[in-house]
Amino acid sequence: MNPNSSGLIFESLEEDKGERDVGKLAVWSVSSAKPGNGVDLLVDGSSDTYWQSDGMQPHTITLHFQQYVAISKVAIQTNYRMDESYTPQRLSVSVGTRWSDMSCIRTEEVIEPQGWIVLPIASEEHPEKPVTGRILQITILVNHQNGRDTHVRQVRVFGSRGDQSTGSHTVSWMTTDATMYATCR
């Protein structure tokens, strides 16, 4: 299967009006990194920089959220023309509320990706709803040409806009009680 024809790879990434970037809410970590090519380069907004792993496969990018977050898609920027054997070929995305209940939501194989690999994230039971969790892990299982280390230029994680609460009770900070204690003396 050639994923380039299945609509997973795009030259540019456009944010959907019904989504927001939830990656900013997370603490990011990676399985390993070459000096000077760390986790910070995954979110610096530049396609000229990249995270480079340094170790045995599989390589992982992990996001830890403080609270439950609805995740609707993951976008990963790669550049096969520049990175060749460092380019991911098979990826998986797992989501969970804690390490013990992590579940693989999606596994994809891409051929010579150039641009953004956009992976919609949904549960099998409810394909129209985003997956909710506190941990997201992107795993690079295989690189092109059997490369050992990997290059990932950017990662963006999107969730749906609107009420993200998991319970029926939401707190409004505009009530009289809340505003009465909102300022310091």
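Adding 3 to a residue's 1-based position in the sequence shown gives its number in this note's numbering.
Just so you know, even glycine gets a beta-carbon here, dropped at the ideal spot from N, CA and C.
Here the structure is a predicted model, which means the values were calculated and not measured.
Scanning V42, S97, V145 for the CA closest to the CA of E87 turns up V145. DSSP places Y89 in the helix class (H, G or I) of the three-state scheme.
Per DSSP, the beta bridge partners of G99 are I138. About 29 Å separates the beta carbon of Y83 from that of P130, a gap too long to meet the 8 Å contact definition.
Taking the C-beta atoms as reference points, L11 is found nearer than 7 Å to I120.
Every unbroken stretch of the alpha helix (DSSP H) spanning 4 or more residues and falling wholly within the segment 14-88 is given here in chain order: 83-86. Below 8 Å, too few C-beta pairs join the segment 48-67 and the segment 107-116 to call them touching: fewer than three. In this structure, DSSP gives H154 an extended state, which the three-state scheme calls strand. Per DSSP, E111 is one residue of the beta strand (DSSP E) stretching across 106-112. Take V134, set aside five residues on each side of it, and the residues of its chain with a beta-carbon closer than 7 Å to its own are I74, V98, I108, I124, A125, S126, in chain order. According to DSSP, residue pairing for P123 in a beta bridge involves K76.
Using a Cβ distance threshold of 7 Å, P91 and T142 do not count as a contacting pair. Around the beta carbon of W102, fewer than 16 other beta carbons lie within 10 angstroms, which makes this residue exposed. Contact annotation: K37 and Q55 have beta-carbon atoms nearer than 7 Å. Contact annotation: V25 and V160 have beta-carbon atoms nearer than 7 Å.
Each residue's CA atom was taken as its position, placing S34 and L122 some 21 Å apart.
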